[in-house]
Amino acid sequence: MSGEVRVRIAPSPTGPFHIGTARTALFNLLYARANGGTYIVRVEDTDTARSTAEHEADILEGLRWLGLEADEGVVSANEERGGRGPYRQSARSARYAEVAAQLYTAGLAYYCFCTSAELDAERSAREKAKLPPRYSGRCAGIKAEDAARRVAAGESAALRFRIRPGVVVIDDLVRGRVEIDAEALGGDLVILRADGSPLYHFTVVVDDADMGITHVIRGEDHLSNTPKHILLFQALGVTLPKFAHLPLILNPDRTKMSKRKSQTAISDYRAEGFLKEAIINFLALLGWSTGSEDEVLNVEEIQARFSLEHVQKAGAVFDRTRLEWINGQWIRRLTHEELLARLRPFYDQAAADGRIGRPATDREIAALLPLIRERIPLLSSAIELTDFLFLDVLRHDPGLLVPKRWEAATACAALEAARPLIADGIGEGDAPLLDAPDPLEAKLRTLAEEQGWKAGDLFMALRAAATGRAATPPLFDSMRLLGRAAVLTRIDQAIAVLRAA
RNA sequence: GCCCCUAUCGUCUAGAGGCCUAGGACGCCACCCUUUCAAGGUGGAGAUCACGGGUUCGAAUCCCGUUGGGGGCACCA
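Right, here's the structure in full:
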């Protein structure tokens with residue numbers, strides 16, 4: 009057995025794929041890649057009441073999308089890779105029962121007949137006495153024969169693991185040596201419910217042992233519980249994995265990031281048009297740094313630099329504004345073909361939702377790319393920036409049609425004067441002019457000069473008339489994309505609106 | 001309540017005793033570019049390195065304490 013590195017991410021399908029889970033998965037993958045190891049995905053679905061197939065699918069799809077698919081373990085609803093499974097806890101019941109029996113036989117676990125009502129009472133009594141919650145150990149001393157007899161007679165009993173006294177040492181790769189007195193662990197630990205189903209602290213250890221996990225890399229919220237795991241590993245007589253506890257991702261108020269206070273579902277970020285490259289880049293930099301001033305990095309670059317040495321110890325606030333900046337960086341780094349492909353579903357969705365009047369063709373989106381790639385922080389931003397091209401009717405806002413310095417009459421006159429020049433200067437279905445100076449622009453500038461108008465005001469009035477928006481891609485490109493007929497119709501409509509106002 | 005973790009600009013961070021009158025990035029402000037909006041460029045404001053004691057010739061960096069923040073303490077994961 010060489011020193012092969014085996015790490016895992018163990019999501020629980022009790023909710024949609026969470027940003028924090030994605031971050032932990034990423035760090036595990038990075039650690040595996042940096043050390044030539046194996047990255048395993050295990051599904052922790054022992055909480056049957058809250059686990060659903062939909063959530064599992066969302067998590068697996070999210071992992072796949074981000075490029076965090078398993079080397080080994082659960083890949084999809086019906087695919088598992090690797091020979092140390094099953095990798096879904098719901099399929100491992102027999103194994104848990106077996107190991108629990110082993111602990112019981114060795115005298116390391118015992119039956120507990122306390123009812124939940126009794127335990128609740130015990131807990132609240134201690135709470136009232138300002139004592140930390142802790143199981144009294146009331147059933148610990150019941151003679152094995154008596155316990156066995158009661159169980160055989162059908163009495164309901166959970167199985168508890170004996171927490172041995174003493175100090176447990178965690179040698180954490182991020183935090184160094186951490187000592188926790190077993191006294192503070194809350195007493196003997198239930199590993200099997202009365203119905204025989206296993207509990208988290210138990211399954212995680214059995215699985216990590218069975219799957220040969222060498223490094224447990226997870227959130228800091230698990231640090232306090234790690235001694236329970238260590239004691240269990242020792243009771244099973246297996247080699248301890250190394251532990252590395254990552255700093256938590258925080259809400260703006262510095263509490264653990266939660267759905268309640270932040271947007272946590274990966275699918276929501278994806279639907280908004282965040283790129284997987286940006287999410288990976290951003291997540292990698294939350295709690296870790298290159299140690300240099302490099303910031304915009306792809307996975308390969310991150311992998312090449314990754315090590316636990318540079319992992320931060322304190323929690324990191326999730327800064328959405330920074331994510332958007334990184335997203336913009338990545339949008340601008342995509343090739344035209346890539347950007348087109350990424351934008352496609354957003355236009356399709358917008359057409360389906362009726363946010364634009366008709367579907368956009370690849371040709372049309374391709375023509376737009378150079379005009380929008382520097383103007384969209386999110387893929388979804390492209391829609392509102394270009395919707396005027398795909399709308400049949402524009403509803404003009406008179407306020408928008410009149411530049412601040414102008415009267416309505418001036419705007420009206422300007423549109424009327426510009427109309428023939430535009431009719432003359434734009435063809436039907438023109439391609440946007442990228443580099444060449446636009447002769448139409450020159451004519452309109454001359455017109456503005458003759459009339460004593462600022463060219464910018466004229467352009468603003470035209471922009472509002474043609475697009476119905478105050479912020480758009482460059483005006484002349486926009487009008488050419490729109491085509492002569494549509495532009496003239498909209499100018500006429502705008503003039504009518506101004507006259508009526 | 002008990003236990004554990006933690007502490008550099010608003011935010012993400014560089015910094016592993018002298019290179020720090022603390023560097024970068026996001027955000028913010030100004031200017032430039034400019035038909036709008038962006039993008040880009042330049043510059044600026046912004047941190048008594050939480051506080052108090054030590055150790056040392058010398059501390060953001062090491063030690064102790066205090067305070068603040070966070071996490072954990074289930075027949076949840």
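Each number in this note's numbering corresponds to the 1-based position in the first sequence with 8 added.
The beta-carbon is built from N, C-alpha and C at its ideal position, and this holds for glycine as well.
Pair within 7 Å by beta-carbon distance, I199 and F35: no
Spatial distance of P481 from P411 (CA atoms): 18 Å
contact_flag[the segment 32-52, the segment 71-83] where n(CB pairs < 8 Å) is 3 or more: yes
Runs of alpha helix (DSSP H) wholly within the segment 198-281 (minimum 4 residues, chain order): 208-218, 234-244 and 274-280
First through last residue of the beta strand (DSSP E) which encompasses L167: A166 to F169
V13 in three-state terms, based on DSSP: coil
For H26, three-class secondary structure by DSSP: strand
CB of R340 within 7 Å of CB of R381, strictly: yes
Whether G195 touches G145 by CB criterion (7 Å): yes
For R157 and A202, the rounded distance between their alpha carbons: 16 Å
I238 Cβ short of 6 Å to the ligand HEM heavy atom set: The ligand HEM is absent from the structure shown, which contains no ligands of any kind.
Rounded separation between D395 and A99 - CA only: 50 Å
In chain order, each alpha helix (DSSP H) run of at least 4 residues that lies wholly inside the segment 327-383: 328-341, 344-361 and 370-380
Cβ contact (3+ pairs, closer than 8 Å) linking the segment 148-165 and the segment 209-224: no
Short Cβ contact (7 Å threshold) for L455 with A419: no
Start and end residues, alpha helix (DSSP H) containing S101: S101 to T113
Close-in-space but distant-in-sequence residues of the same chain around Q512 (CB under 8 Å, 5 per side omitted): Nothing can be reported for residue 512: it is not among the residues displayed for the chain, which extend from 9 to 509.
Within 7 Å, strictly: CB atoms of P406 and V505: yes
For D154, the first and last residue of its enclosing alpha helix (DSSP H): A152 to A160
The segment 178-194 in contact with the segment 204-213 per 3-pair CB rule at 8 Å: no
Three CB pairs or more closer than 8 Å across the segment 233-245 and the segment 258-275: no
Whole-angstrom C-beta distance between E69 and P21, which should lie under 8 Å: That belief does not hold up - the Cβ atoms of P21 and E69 are roughly 12 Å apart, past 8 Å.
Straight-line Cα distance separating S59 from R168: 24 Å
Per DSSP, cross-strand counterpart(s) of V49: I17 and G81
For R185, three-class secondary structure by DSSP: strand
Residue range of the alpha helix (DSSP H) that includes R146: Looking at the DSSP string, R146 is not in any alpha helix (DSSP H), and its letter there is neither H nor E.
Counted within 10 angstroms of its Cβ, other Cβ atoms place T211 as buried (16 or more) or exposed: buried
Exposure label - L293; buried when at least 16 CB within 10 Å: buried
S270 classed as buried or exposed, judged by whether at least 16 other C-beta atoms fall within 10 angstroms: buried
Spatial neighbours of V325 in its chain, beta-carbon cut-off 7 Å, leaving aside the 5 residues before and after: L258, P260 and R262
In DSSP terms, what D180 is bridged to: G184 and F251
Inter-residue spacing [alpha-carbon to alpha-carbon] between L111 and G162: 21 Å
C-alpha gap between D461 and G281, whole angstroms: Per the sequence shown, the amino acid found at residue 461 is Trp instead of Asp. Cα to Cα, W461 sits roughly 40 Å from G281.
Assumed close pair L347, L386 - CB separation to whole angstroms, cut-off 8 Å: L347 to L386, Cβ: 13 Å. No contact.
Contacting residues, own chain, Cβ-Cβ under 7 Å from L351 (five flanking each side not counted): I373, L387 and A390
Supposed close pair P367, A359 - CB separation, criterion 8 Å: 4 Å
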